[in-house]
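See below for the structure under consideration.
Numbering (the working numbering), first residue to last: 21 to 323.
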């Protein structure tokens, strides 16, 4: 048997395949399609301190080899999550991670303080990279000082594993990665979506109500792989890679670039079984190449 397990700091995953926040709901929505317990981890949809309705419709648009979204972190707030969602997913045999967003540093801290006592929440992913909100999100993640401030404040409030999700919409992502590492992040994940837009030429109007939105899908993968490689060579903490992963081959590409684990996002909309198919593909890849542990692939690109 090959060993698929990986470690993100003290957090152990049975395999490197996780789901990206905002593309997998709370996990239960996909239970009819896959065995959730096979996943390395489930990162639930973005959770904020208070209820958010999100942005007006239309807020999704298909693009060549990808999609734009401007959902705007629609969710019912952390208290609703704790009372109504957590009891249903806490006994899953996989790592449950909460993606945390906020309009202010105090918001991030308050959410993490509420999550801190929950034994079955394995980690938080601090979202300082959402491009679809007017306050917070990417506003914190585009400067070293903003990223460091959020990370440092959450570090004081949260005892478990803290992953900080970085935005690609910066000049040098390695600077932001180093800043959050210095502020106490246990790992970084990247990339979130790229800021983009699309226009309906017949109507001469933007296809999204917010005009711009986050671009995801296979069209961004080569850029995301490059950024993961840069960050993996710039920090000592583990890197979680994401951005256009559509199958196991793509996941391996990110790991060879330096990622310890990966998140599959947009592909879940195309094939709800993509995550378990990716796990099977990776296991077969290891056997074909006579590799005993998937950890041997981390940063193993030859140059």
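No residue lacks a Cβ here, since even glycine has one placed at the ideal position from N, Cα and C. Treat the numbers as computed from the prediction; the structure is a model and nothing was measured.
- In the structure shown, the three-state DSSP call for residue 226 is strand.
- Rounded to whole angstroms, the gap between the alpha carbons of residue 51 and residue 146 is 26 Å.
- Each of 190, 174, 143, 111 was checked against the Cα of residue 215, and the nearest Cα belongs to 190.
- Using a 10 angstroms sphere on the CB of residue 142, the tally of other CB atoms reaches 16 or more, which defines it as buried.
- Taking the CA atoms as reference points, residue 71 sits about 11 Å from residue 122.
- Spanning the alpha carbons of residue 225 and residue 219 requires a straight line of approximately 6 Å.
- In this chain, residue 321 is not harboured by any alpha helix (DSSP H), its DSSP state being neither H nor E.
- Within the DSSP bridge table, the entry for residue 220 names 225 as partners.
- Residues of the same chain with a CB within less than 8 Å of the CB of residue 116, apart from the 5 flanking positions on each side, are 47, 61, 62, 64, 109, 110, 140, 141, 142 in chain order.
- Considering only 256, 131, 78, the residue with the shortest C-alpha distance to residue 102 is 131.
- By the CB criterion at 8 Å, residue 263 and residue 287 fall outside the cutoff.
- A direct Cα-Cα distance of roughly 16 Å separates residue 176 from residue 124.
- Using a Cβ distance threshold of 8 Å, residue 174 and residue 106 do not count as a contacting pair.
- Boundaries of the alpha helix (DSSP H) around residue 243: 241–252.
- With a 10 Å radius around the Cβ and a threshold of 16 neighbouring Cβ atoms, residue 21 comes out exposed.
- The residue from 179, 294, 168 with its alpha-carbon nearest to that of residue 137 is 179.
- Annotation: residue 297 is outside any beta strand (DSSP E); the continuous alpha helix (DSSP H) that includes it extends over 294–308.
- By the C-beta criterion, the region 227–241 is judged to be in contact with the region 81–95, since at least 3 inter-stretch pairs fall below 8 Å.
- In the DSSP assignment, residue 256 is bridged to no other residue.
- Look at residue 198 here: in three-state DSSP terms it is helix.
- Cβ-Cβ separation between residue 118 and residue 93: approximately 13 Å, too far for a contact (criterion under 8 Å).
- Note: residue 26 is bridge-paired with 33 in the DSSP secondary-structure output.
- Annotation: the region 46–130 contains the following complete segments of the beta strand (DSSP E) (minimum length 3 residues), in chain order: 61–67, 80–83, 86–89, 115–120.
- Nearest to residue 33 by alpha-carbon distance, out of 148, 300, 114, is 114.
- Residue 273 carries a helical assignment under DSSP once its states are collapsed to helix, strand and coil.
- In its chain, beyond the 5 residues on either side, 312, 313, 314, 315 have a beta carbon closer than 8 Å to the beta carbon of residue 23.
- Annotation for residue 166: the continuous alpha helix (DSSP H) segment containing it runs 164–177.
- Take residue 202, set aside five residues on each side of it, and no residue of its chain has a beta-carbon closer than 6 Å to its own.
- In the three-state reduction of the DSSP assignment, residue 145 falls in the strand class, which pools E and B.
- In this structure residue 150 is not in contact with residue 196, their Cβ atoms being roughly 15 Å apart against a cut-off of 8 Å.
- The straight-line gap separating the alpha-carbon atoms of residue 259 and residue 279 is approximately 5 Å.
- Taking C-beta atoms as the reference points, residue 255 and residue 208 count as a pair closer than 8 Å.
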